[in-house]
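What follows is a set of notes on a single structure, which appears directly below.
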Amino acid sequence: KWWASCKAFCEPGIDPTDTPENQKPWSCKPLGPRAAGTAEVHFKEVVVKIPADGFPGSVAKGNSIVLGVGEQEFHGKVVSIKDVSEIEGSAAPIAGGGGGGGSGLPVFLVVCGLTLLGIGLYAHLRPADWA
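Under this note's numbering, the first residue of the sequence shown carries the number 219, and numbering increases by one thereafter.
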């Protein structure tokens, strides 16, 4: 089964905004001329704050990751690594970890598709294992 999507720009690999069942590696090979107009956006990106103690020390900004929640996997990218005290007015960290600002705990901010909203992210985390 093959399908394509009209995007404003393309980055080869897995698109974290695709639905979990469609998170397969993309190529950026054009299938024909672009249609007039702009690419439609059918999703919203969500930034998820996750305590850094669940990640290996080698994870860096821009790395692709997989969030595992039960039997589902959600692909995302690390967009920032910050000390909790740098995030003013942030909610308590997900998956445990210290409370409120000033705790000095590093956190990862991960961009994922809107489907992550409402899911408890105390689940296991593992690095991306796809090429």
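Backbone N, C-alpha and C fix where the C-beta goes; we use that ideal spot for every residue, glycine too. Please read all numbers here as calculations on a predicted model, not as lab measurements.
Item                                                                               : Value
From 238, 233, 230, residue whose alpha carbon lies closest to that of residue 287 : 238
Where residue 243 sits in the DSSP three-state scheme                              : strand
Straight-line gap, residue 267 to residue 296 (C-alpha atoms, nearest Å)           : 10 Å
Beta-carbon gap between residue 246 and residue 230 smaller than 8 Å               : yes
C-alpha gap between residue 244 and residue 234, whole angstroms                   : 11 Å
Alpha carbon of residue 290 to alpha carbon of residue 283, nearest angstrom       : 14 Å
DSSP three-state assignment for residue 274, whether helix, strand or coil         : coil
Endpoints, the beta strand (DSSP E) within which residue 354 is located            : This structure leaves residue 354 out entirely; the chain is present only between 219 and 349.
Any non-hydrogen atom of the ligand GTP within 7 Å of residue 279 CB               : Here there are no bound small molecules, and the ligand GTP is not part of this structure.
Residue 236 versus residue 228 - alpha carbon distance                             : 13 Å
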